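To keep things clear, I will list the structure first and then write my remarks on it.
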Amino acid sequence: DGGITQSPKYLFRKEGQNVTLSCEQNLNHDAMYWYRQDPGQGLRLIYYSQIVNDFQKGDIAEGYSVSREKKESFPLTVTSAQKNPTAFYLCASTNFKTGGTQPQHFGDGTRLSIL
Amino acid sequence: AQSVTQLGSHVSVSEGALVLLRCNYSSSVPPYLFWYVQYPNQGLQLLLKYTSAATLVKGINGFEAEFKKSETSFHLTKPSAHMSDAAEYFCAVSVTTDSWGKLQFGAGTQVVVTP
Chain W
1 DGGITQSPKY LFRKEGQNVT LSCEQNLNHD AMYWYRQDPG QGLRLIYYSQ
51 IVNDFQKGDI AEGYSVSREK KESFPLTVTS AQKNPTAFYL CASTNFKTGG
101 TQPQHFGDGT RLSIL
Chain Y
1001 AQSVTQLGSH VSVSEGALVL LRCNYSSSVP PYLFWYVQYP NQGLQLLLKY
1051 TSAATLVKGI NGFEAEFKKS ETSFHLTKPS AHMSDAAEYF CAVSVTTDSW
1101 GKLQFGAGTQ VVVTP
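First to last, the sequence lines map onto chains W and Y.
Quick note: the first sequence uses our numbering, first residue 1, plus one each step.
Quick note: the second sequence uses our numbering, first residue 1001, plus one each step.
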């Protein structure tokens, strides 16, 4: 079955450490997105990508970085510059070419905590 | 710019009672609207979408929503709540003013179902 796989499900970060969250999709979608979810705040967009080797900052990109070397993969790195990284991180994808009428499909998320 | 407001961060309903979750949108262009459901520690699952066809949209699990342009609303309903409906629900609007397929999410409504 097609879908989005996020790993790991739980991740712990030490002070000053960078960590990378994996997101892989086999839906053949062009666009991919990373969101951060905090209680009571809904989903906030971190980064998004429309095509390979191109990505754009979302609303809360500071302290995060991404790459898009393959269509199916969009890893997110939480750097040591992100001072409050504890959150639930969600990866999504969509076929953007249909002009916004298609929904985004989501992975099951990675919960990141500080040690 | 498009935006979404969900009225009520928590809703408690009795099993068998009507579920009504409120969503109002702001958009300068005809919107595309979505309702998602999230179970604990999982990603978001699409319930239904409105893309300018019928104003009454039927989704999965017995949910439906009605698009009312005059009220700028897209409220979600289910005639009879089940215990399995306990989850968080998000309303989202497609940002159609660009071509990135982005969504703007509401803050979410947590639904509790009591026996």
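Here a beta-carbon is modelled for each residue, glycine too, at the ideal position from N, C-alpha and C.
Quick caveat: nothing in here was measured; it's all calculated off a predicted structure.
*Can you tell me where the beta strand (DSSP E) with Y/Y1039 in it begins and where it stops?*
No beta strand (DSSP E) holds Y/Y1039; DSSP gives it neither H nor E.
*asked:* By the three-class DSSP mapping on this structure, what secondary structure does Y/N1061 have?
replied: Correct three-state label for Y/N1061: helix.
_Exposed unless 16 or more other CB atoms sit within 10 angstroms - verdict on Y/H1082_ = Flag for Y/H1082 reads exposed.
_Could you give the first and the last residue of the continuous beta strand (DSSP E) run that contains Y/E1088?_
Segment 1087–1094, the beta strand (DSSP E) holding Y/E1088.
_Relative to the C-alpha of Y/Y1036, which candidate in Y/E1064, Y/A1054, Y/V1013, Y/V1029 has its C-alpha closest?_
Looking at the Cα atoms, Y/E1064 is the closest of the given residues.
*List in chain order: all unbroken alpha helix (DSSP H) runs of 4+ residues lying wholly within the stretch 9–88 of chain W.*
Qualifying alpha helix (DSSP H) stretches: none in this window.
*Thinking C-alpha only, which one of Y/V1113, Y/Y1089, Y/S1094 is nearest W/G40?*
Closest option to W/G40, Cα to Cα, is Y/Y1089.
_Looking at the strands, I want to know which residues DSSP matches up with Y/Q1002._
Answer is none; Y/Q1002 lacks a bridge partner.
*Quick one, which of W/K70, W/M32, W/V78 has its alpha-carbon nearest W/K14's?*
Closest option to W/K14, Cα to Cα, is W/V78.
_8 angstroms contact criterion, which W/Q6 and W/S22 should meet: CB distance rounded_ = For a cut-off of 8 angstroms, the C-beta gap from W/Q6 to W/S22 is around 7 angstroms, short enough to register as a contact.
*If you follow the beta strand (DSSP E) that Y/N1024 is part of, which residue opens it and which one closes it?*
Residues 1019–1026.
*Neighbourhood of Y/A1086 by C-beta, 7 angstroms cutoff - its chain only, sequence neighbours within 5 removed*: Closer than 7 angstroms at Cβ, skipping near neighbours: V1111, V1112, V1113.
_Limits of the unbroken beta strand (DSSP E) element including W/S113_ = That run of the beta strand (DSSP E) goes 110–114.
*For the beta strand (DSSP E) containing Y/Q1150, list its first residue and its last residue.*
Nothing can be reported for residue 1150 of chain Y, as the shown portion of chain Y is limited to 1001 through 1115.
*Check the Cβ of Y/L1103 against every Cβ in chain W and list those closer than 7 angstroms, keeping chain order.*
Among the residues of chain W, those whose CB is under 7 angstroms from the CB of Y/L1103 are Q104, following chain order.
*Collapsed DSSP secondary structure at Y/S1084 in the structure displayed*: Reduced to three states, the DSSP call for Y/S1084 is helix.
*Pull up the DSSP beta-bridge partners for Y/L1056, would you.*
Paired residues: Y/E1066.
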